[in-house]
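Trainee: Under full-length UniProt numbering, the residue at position 21 of the sequence shown is numbered 21, and the numbers go up by one with no gaps. Even glycine gets a Cβ: it sits at the ideal position worked out from N, Cα and C.
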Amino acid sequence: MTVVLLPYPDAGIPPAAVPFLRSAHAVYASGIDGELADLLGAKPAPDDLAAEPGPVVLFAADAADPAVEALVRAGSRVIAQPSGAGLVEAAKVMDRLRSPGGCPWDAEQTHDSLRQYLVEETYELLDAIEEGDRAALREELGDVLLQVLFHARVAAEDAKDPFDVDAVASALVAKLVGRHPHVFTDAERVHTAAHQQVRWEELKQAEKRRESSVDGVALGQPAVALAGKLGQRTGRAGLPADLFPGGDSPAEQLFRLAASARRSGVDPEGELRAVAKRFAADVRAAEKAARAAGLDPAAMDADAWRAHWPQANSDSPQ
Numbered sequence: 001m002t003v004v005l006l007p008y009p010d011a012g013i014p015p016a017a018v019p020f021l022r023s024a025h026a027v028y029a030s031g032i033d034g035e036l037a038d039l040l041g042a043k044p045a046p047d048d049l050a051a052e053p054g055p056v057v058l059f060a061a062d063a064a065d066p067a068v069e070a071l072v073r074a075g076s077r078v079i080a081q082p083s084g085a086g087l088v089e090a091a092k093v094m095d096r097l098r099s100p101g102g103c104p105w106d107a108e109q110t111h112d113s114l115r116q117y118l119v120e121e122t123y124e125l126l127d128a129i130e131e132g133d134r135a136a137l138r139e140e141l142g143d144v145l146l147q148v149l150f151h152a153r154v155a156a157e158d159a160k161d162p163f164d165v166d167a168v169a170s171a172l173v174a175k176l177v178g179r180h181p182h183v184f185t186d187a188e189r190v191h192t193a194a195h196q197q198v199r200w201e202e203l204k205q206a207e208k209r210r211e212s213s214v215d216g217v218a219l220g221q222p223a224v225a226l227a228g229k230l231g232q233r234t235g236r237a238g239l240p241a242d243l244f245p246g247g248d249s250p251a252e253q254l255f256r257l258a259a260s261a262r263r264s265g266v267d268p269e270g271e272l273r274a275v276a277k278r279f280a281a282d283v284r285a286a287e288k289a290a291r292a293a294g295l296d297p298a299a300m301d302a303d304a305w306r307a308h309w310p311q312a313n314s315d316s317p318q
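1) Throw me the rounded Cβ distance for the Glu108 and Asp143 pair, which I believe falls under 8 Å.
2) Pull up the distance between the alpha-carbon of Ala299 and that of Arg291, whole angstroms please.
3) Between which two residues does the alpha helix (DSSP H) carrying Thr122 extend?
4) Enumerate, from N- to C-terminal direction, the unbroken beta strand (DSSP E) stretches of 3 or more residues contained entirely within the segment 55-82.
5) Return the Cβ separation of Ile13 and Val4 in integer angstroms, given the expectation that the two are a contact with Cβ distance under 8 Å.
6) Comparing C-alpha positions only, which one of Ile79, Ala37 and Tyr8 sits nearest to Pro19?
7) Given a threshold of 16 other Cβ atoms within 10 Å of its Cβ, counted over all protein chains shown, does Arg115 qualify as buried or as exposed?
8) Can you tell me which residues form a DSSP beta bridge with Val3?
9) Measure the alpha-carbon distance for Pro317 versus Val214 and round it to whole angstroms.
10) Using CA coordinates, which residue listed in Leu137, Asp48, Val148 and Ala223 is at the minimum distance from Ala167?
11) Let me check understanding here. Comparing Cα to Cα, which of Ser113, Ala61, Leu272 and Val93 lies closest to Leu145?
12) Within 10 Å of its beta-carbon, does Phe244 have 16 or more other beta-carbons around it, so buried, or fewer, so exposed?
13) Rounded to the nearest angstrom, how far is the Cβ of Gly231 from that of Ala259, given a contact under 8 Å?
14) According to DSSP, simplified to helix, strand and coil, what is Ser30?
15) Just verifying my parser: in three-state terms, what is the DSSP assignment at Lys160?
16) Mind checking whether Ala187 and Pro181 have CB atoms under 9 Å apart?
17) At which residue ranges does the segment 263-314 contain complete alpha helix (DSSP H) runs of 4 or more residues, listed in the order of the chain?
18) Once DSSP output is grouped into helix, strand and coil, what is the label at Pro14?
19) Output the distance between the C-alpha atoms of Gly102 and Val283, rounded to the nearest integer angstrom.
20) Less than 9 Å between CB atoms is the rule here; does Ala223 satisfy it with respect to chain B?
21) Give every residue of the same chain whose Cβ lies closer than 6 Å to the Cβ of Ala37, excluding the five residues on either side of it in the sequence, and list them in chain order.
22) For Pro181, does the three-state DSSP call read helix, strand or coil?
23) Which one of Glu287, Ala302 and Ala293 has the shortest CA to CA distance from Pro310?
24) Since Glu269 and Ala218 should fall inside the 8 Å C-beta cutoff, what is the C-beta to C-beta distance between them, to a whole number of angstroms?
25) Tell me which residue opens and which closes the alpha helix (DSSP H) that Val148 is part of.
26) If we count the other Cβ atoms within 10 Å of its Cβ and call it buried at 16 or more, is Ala251 buried or exposed?
27) Residue range of the alpha helix (DSSP H) that Arg236 falls in?
28) Does the beta-carbon distance from Thr110 to Val154 come in below 9 Å?
29) Which residue's Cα is closest to the Cα of Ala91: Ala50, Gln81, Ala63 and Ala156?
30) Alpha carbon to alpha carbon, how far is Arg263 from Ala74? Give it in angstroms, no decimals.
31) Do you know how far the Cα of Arg210 is from the Cα of Glu89?
32) Classify Pro44 as helix, strand or coil using the three-state DSSP reduction.
Given below as structure tokens:
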């Protein structure tokens, strides 16, 4: 007995299932759309499938299907679709939303109008990572994936230079393979993450024929992250830190701090976000303590803020 799980029918039949289909005495389906079952040449699964003379193949949409569970208990092999099959379904849903008869709002969007959502979803994903919230992480990864699918679907409609999500994926595969020759070819092995980072930059420089060490740095990223990235890139090029902006304005001092931090292996954007979030938490704690003392936080003066600040409270005698 062989169970073939098809939760994402549009992703196709797993190649590993083909030999068992060819030798099957009978093919059944459970929880599968009738049209798809007909296409697969599958009959409705009987109640006592385990008693059927083999070899038998059962197509099912869900591993929790009672027919599947019964066959698994009987020792049947289970063949699942490969990881990533759900991406095919996601792309199909995006196509439906964008196509005539789909969602009017989705149909009106452009690359430019979607920019704000890409930024918002990315920051929500960062929050989920920082909070260690697994459920939120799964949801926010999906929201970022939606932005990729959405932009690729919009790009497919461009009259002059169309490309679709498959072209995006193919370009990514080519990039990953090309930048990991030690994994996909017999090139010199890379044994440390630091060595890999150096090789990655060398390969990017050659691949993109960059003329400057700062080519490719996204200038639209947050300023602290940008300063840090510029500090890191120029550090690899051998630029000395004494050539950083040397003025005494707050912006120039911030640049030096961020660039120097990144060179020393510290993520200034992430560290600053962590400090800012702790500060926001302290503000809320002080306001809560003030309310508990019968004060209106909006009317507090400097001394009242200090008196109710968490650190002040933690230092007071118990």
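Mentor: To lay it out plainly:
1) Here residue 108 is taken as the residue at index 108 of the sequence shown, counted from 1. Here residue 143 is taken as the residue at index 143 of the sequence shown, counted from 1. Between Asp143 and Glu108 the Cβ distance is about 19 Å, and since that is not below 8 Å, they are no contact.
2) Position 299 of the sequence shown, counted from the start, is the residue given in the question as residue 299. Position 291 of the sequence shown, counted from the start, is the residue given in the question as residue 291. About 11 Å.
3) For the purposes of this step, residue 122 is taken as residue 122 along the sequence shown, with counting starting at 1. Note, Thr122: alpha helix (DSSP H), His111 to Glu131.
4) Fully enclosed beta strand (DSSP E) runs of 3 or longer: 56-60 and 77-79.
5) Reading the sequence shown from its first residue, position 13 is the one you call residue 13. Reading the sequence shown from its first residue, position 4 is the one you call residue 4. Confirmed, Cβ separation roughly 7 Å.
6) In the sequence shown, residue 19 corresponds to position 19, counting from 1. Ranking Ile79, Ala37 and Tyr8 by Cα distance to Pro19 puts Ile79 first.
7) Counting from one through the sequence shown, the residue named residue 115 turns up at place 115. The Cβ neighbour count for Arg115, taken over all protein chains shown within 10 Å, is under 16; the residue is labelled exposed.
8) Within the sequence shown, the letter at position 3 stands for residue 3. Its beta-bridge partners are Leu58 and Val78.
9) Translated into the one-based positions of the sequence shown, residue 317 becomes position 317. Translated into the one-based positions of the sequence shown, residue 214 becomes position 214. Model confidence at Pro317 stands at a pLDDT of 46, short of 50, so the residue's coordinates are unreliable; what they give is reported in the following sentence. So the two alpha carbons sit approximately 54 Å from each other.
10) Taking the sequence shown and counting its residues from 1, the one referred to as residue 167 is at position 167. If we check each option's Cα against that of Ala167, Val148 comes out closest.
11) In the sequence shown, counting from the first residue as 1, residue 145 sits at position 145. Answer by Cα proximity: Val93.
12) Taking the sequence shown and counting its residues from 1, the one referred to as residue 244 is at position 244. Under this definition Phe244 is a buried residue.
13) The residue you call residue 231 lines up with position 231 of the sequence shown. The residue you call residue 259 lines up with position 259 of the sequence shown. Going by Cβ atoms, the distance from Gly231 to Ala259 rounds to 3 Å, so yes, they are a contact pair.
14) Walking along the sequence shown from the start, residue 30 turns up at place 30. The answer is strand: DSSP assigns Ser30 an E or B state.
15) Locating residue 160 in the sequence shown gives position 160, counting from the first residue. Lys160 falls in the coil class under three-state DSSP.
16) Locating residue 187 in the sequence shown gives position 187, counting from the first residue. Locating residue 181 in the sequence shown gives position 181, counting from the first residue. Closer than 9 Å, so yes.
17) Taking only runs of at least 4 residues, the alpha helix (DSSP H) segments lying wholly in the segment 263-314 are 268-292 and 302-308.
18) By one-based count along the sequence shown, residue 14 stands at place 14. The answer is coil: DSSP assigns Pro14 none of H, G, I, E or B.
19) By 1-based counting over the sequence shown, the position of residue 102 is 102. By 1-based counting over the sequence shown, the position of residue 283 is 283. A straight line joining the alpha-carbon of Gly102 with that of Val283 spans about 46 Å.
20) Among the protein chains of the structure shown there is no chain B, as only one such chain exists.
21) Indexing the sequence shown from 1 puts residue 37 at position 37. Answer for Ala37: Ala29, listed in chain order.
22) In the sequence shown, the residue the question calls residue 181 occupies position 181. Three-state DSSP puts Pro181 in a helix.
23) Against the sequence shown, residue 310 aligns to sequence position 310. Checking every option, the nearest Cα to that of Pro310 belongs to Glu287.
24) In the sequence shown, the residue the question calls residue 269 occupies position 269. In the sequence shown, the residue the question calls residue 218 occupies position 218. No, Glu269 and Ala218 are not in contact; Cβ-Cβ is about 12 Å, not under 8 Å.
25) Here residue 148 refers to the residue found at position 148 of the sequence shown. It spans Arg134 to Ala155 - the alpha helix (DSSP H) in which Val148 sits, taken as one unbroken run.
26) Counting from 1 along the sequence shown, the entry for residue 251 is found at position 251. Classification of Ala251: exposed, given that the 10 Å Cβ count is below 16.
27) Residue numbering aside, residue 236 sits at position 236 when the sequence shown is read from its first letter. Run containing Arg236: Ala223 to Arg236, per the alpha helix (DSSP H) assignment.
28) Counted from its first residue, the sequence shown places residue 110 at position 110. Counted from its first residue, the sequence shown places residue 154 at position 154. It is a contact, given that the beta carbons lie within the stated cut-off.
29) Position 91 of the sequence shown holds residue 91. The residue with the shortest Cα to Cα distance from Ala91 is Ala156.
30) Reading the sequence shown from its first residue, position 74 is the one you call residue 74. Reading the sequence shown from its first residue, position 263 is the one you call residue 263. Cα to Cα, Ala74 sits roughly 59 Å from Arg263.
31) The sequence position of residue 89 within the sequence shown is 89, counting from 1. The sequence position of residue 210 within the sequence shown is 210, counting from 1. Rounded to whole angstroms, Glu89 to Arg210 spans 38 Å at the Cα level.
32) Within the sequence shown, numbered from 1, the residue matching residue 44 stands at position 44. If DSSP states are grouped into helix, strand and coil, Pro44 belongs with the strands.
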